Ligand SMILES: Cc1cc2nc3c(=O)[nH]c(=O)nc-3n(C[C@H](O)[C@H](O)[C@H](O)COP(=O)(O)OP(=O)(O)OC[C@H]3O[C@@H](n4cnc5c(N)ncnc54)[C@H](O)[C@@H]3O)c2cc1C
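Residue numbers (this note's numbering): 2 to 533.
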């Protein structure tokens, strides 16, 4: 089945029930859930590849994922995320287990493994930190992580309830979670320990939400840690399988997924949404419009000024920051993952200093300072179908932070033609990232075949995040206190989906997607998913 059609070739009629902007996991889940209830959905995706951050790109005989390195909870058949994937894909997506160790945290020469299973994880941490006060702190930590994650259900469910329920019960539904949401990770950890090393290790996955401990909300930290407690998994066939598995549900109900379809405006009349205007000026109409393009993009470029104010989205953005931007080095290697001894676990390389805030601050002040984090993923080792699809080759990806401002001077230049000074800056980052990798995995140097660096300008160009932000809006304490980050807006018929509605991450964006469909259908789809 052909799953997408390019905008120029598409015969788009005016009888769709719903128009969705973007085709990331949030929009896909919303569309699939609505399709299952009989709606015909039109997805308009600006990129030539569908799937949002789940898309892959190819060069020579390699393929890389851009925004899916591992997903938690999908190997447990009864977890919410497993059930949600089954619900929106009719069970057609397969996952490959990453094994007992999913993350490996390294400060200088000291290595800490994050192992699968809450009890095993706790035992392993206690073996690294055997002092009585650290053991006590670790027990308290796991209890806090578990409680914050348990409270999340009420908090997120509240986003989809009818207005009168929110007025009556909203505060109660949100309260338990906000105890954690309104505090920083560092504040909560300092209540239980003063051991800087322990804090550094416990927050060793901070790149997964993009903020060091003094800036991130503890609720986000806790949900992320809890998400991976049962291990990590990778989609068999690569991350584009996520789109391929969900699309047939949307198409089967009469929906259409259009690529190269750039929406420039959300149109409305008399307080009600009417459709969208495309970059070529064409207007497409539908009684319901959903944006999965991120709240900042939606409020800054898709809504006119007065509507952006009326919906409260502009005022909420004045209080919120964009998440960090990143650079990613994509490597192609001669040799199989086995031959090159590539692990399934991700590596997190840190400086010898365990204070992440300090490391980030030094780097932001001087881009030539040591990288505050280098996250390294080995996708070819995670995907059991890789060796059949790409024999005798393998891939590595290295990610670190890089503020948009460093690349601002080239913002108006065309992709691939940004000039020698831009290329030199990229070369500098590439060389330093490679040096880090080869220090730790020297066997890879001789196998190197292809090197390519993406910058925040690549993220902006391909995914339309204004400042190349990696995770949409920042996951700091302000975010969780912002009531406008919910599917229903004050413009009748206009809704939001994706990571900004819930949280970043494939799971977070998908929960945002199901909340959006629940809000539109006025029924609790999470309950339906839980029995799927
Ligand atoms: C480098 C990186 C690594 C990551 N690693 C992981 C990981 O290992 N595990 C995990 O769970 N999560 C990971 N994530 C996060 C995860 O990928 C995202 O949180 C999630 O994909 C966001 O989904 P979304 O539906 O909100 O939107 P997105 O996936 O961001 O999709 C939005 C889509 O909207 C389209 N769009 C924007 N403007 C328009 C317009 N005007 N017209 C038409 N279309 C438009 C964009 O082109 C894009 O395709 C990672 C992200 C990044 C960037």
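Note that CB positions come from ideal geometry on N, CA and C, so glycine has one too.
The structure presented is a predicted model; accordingly, all values stated were derived computationally and were not measured.
In this structure, residue 274 and residue 290 form a Cβ contact; the two beta carbons are roughly 5 Å apart against a cut-off of 8 Å. Distance from the CA of residue 506 to the CA of residue 490, rounded to the nearest whole angstrom, comes to 23 Å. Here residue 351 carries a strand assignment [DSSP, helix/strand/coil]. Shown here, residue 471 sits in coil according to DSSP, grouped into three states, outside any helix or strand. Residue pairing for residue 42: DSSP places it in a beta bridge opposite 19.
Inter-residue distance for residue 397 and residue 523 is about 44 Å (C-alpha atoms, whole angstroms).
Taken through DSSP and simplified to helix, strand or coil, residue 327 comes out as strand. When distances are taken from the beta-carbon of residue 33 to the heavy atoms of ligand 1, even the shortest one reaches 7 Å or more. The count of Cβ pairs closer than 8 Å, one atom from the region 46-53 and one from the region 458-470, reaches three, so the stretches are in contact. For residue 222, the enclosing alpha helix (DSSP H) stretches over residues 219-229. Distances from the CB of residue 264 to the heavy atoms of ligand 1 include at least one below 7 Å. By the Cβ-count criterion, residue 470 is buried, with 16 or more other Cβ atoms from all chains shown falling within 10 Å of its own Cβ. In terms of Cβ geometry, residue 502 and residue 517 form a close pair [threshold 8 Å]. For residue 244, the closest alpha carbon among the candidates 95, 504, 208, 63 is that of 95.
When DSSP assignments are scanned along the region 422-457, the uninterrupted stretches of beta strand (DSSP E) that are 3 or more residues long and fall wholly within it turn out to be 449-455.
For residue 513, the closest C-alpha among the options 126, 492, 320, 486 is that of 486. Take residue 175, set aside five residues on each side of it, and the residues of its chain with a beta-carbon closer than 6 Å to its own are 156, 159, in chain order. Between residue 59 and residue 333, the CB-CB gap reaches or exceeds 8 Å. In the three-state reduction of the DSSP assignment, residue 78 falls in the coil class, being assigned neither a helical nor a strand state. Annotation for residue 168: the continuous alpha helix (DSSP H) segment containing it runs 164-182. Taking 8 Å as the cut-off, the beta carbon of residue 193 is found closer than this to the beta carbon of residue 142.
Between the alpha carbons of residue 361 and residue 355 lies a gap of roughly 11 Å. Here residue 64 is near residue 391, since their CB atoms are less than 8 Å apart. DSSP places residue 320 in the helix class (H, G or I) of the three-state scheme. In this structure, the beta-carbon distance from residue 365 to residue 399 does not fall below 8 Å. For residue 147, the enclosing alpha helix (DSSP H) stretches over residues 133-158. Around the CB of residue 84, 16 or more other CB atoms lie within 10 Å, so the residue is classed as buried. Taking a cut-off of 8 Å for Cβ pairs, the region 184-203 and the region 218-227 touch, as three or more such pairs fall below it.
Checking the 7 Å criterion, the Cβ of residue 475 is out of range of every heavy atom belonging to ligand 1.
According to the DSSP assignment, residue 364 belongs to the alpha helix (DSSP H) that extends over 357-366. The straight-line gap separating the alpha-carbon atoms of residue 52 and residue 25 is approximately 5 Å. Residue 168 and residue 488 have their C-alpha atoms spaced approximately 16 Å apart.
In this structure, residue 329 has its beta carbon less than 7 Å from a heavy atom of ligand 1. Judged by their CB atoms, residue 401 and residue 375 are nearer to each other than the 8 Å cut-off. Pairing residue 210 with residue 476, the inter-Cα distance amounts to about 7 Å. Only buried fits residue 214, as 16 or more other CB atoms lie within 10 angstroms of its CB.
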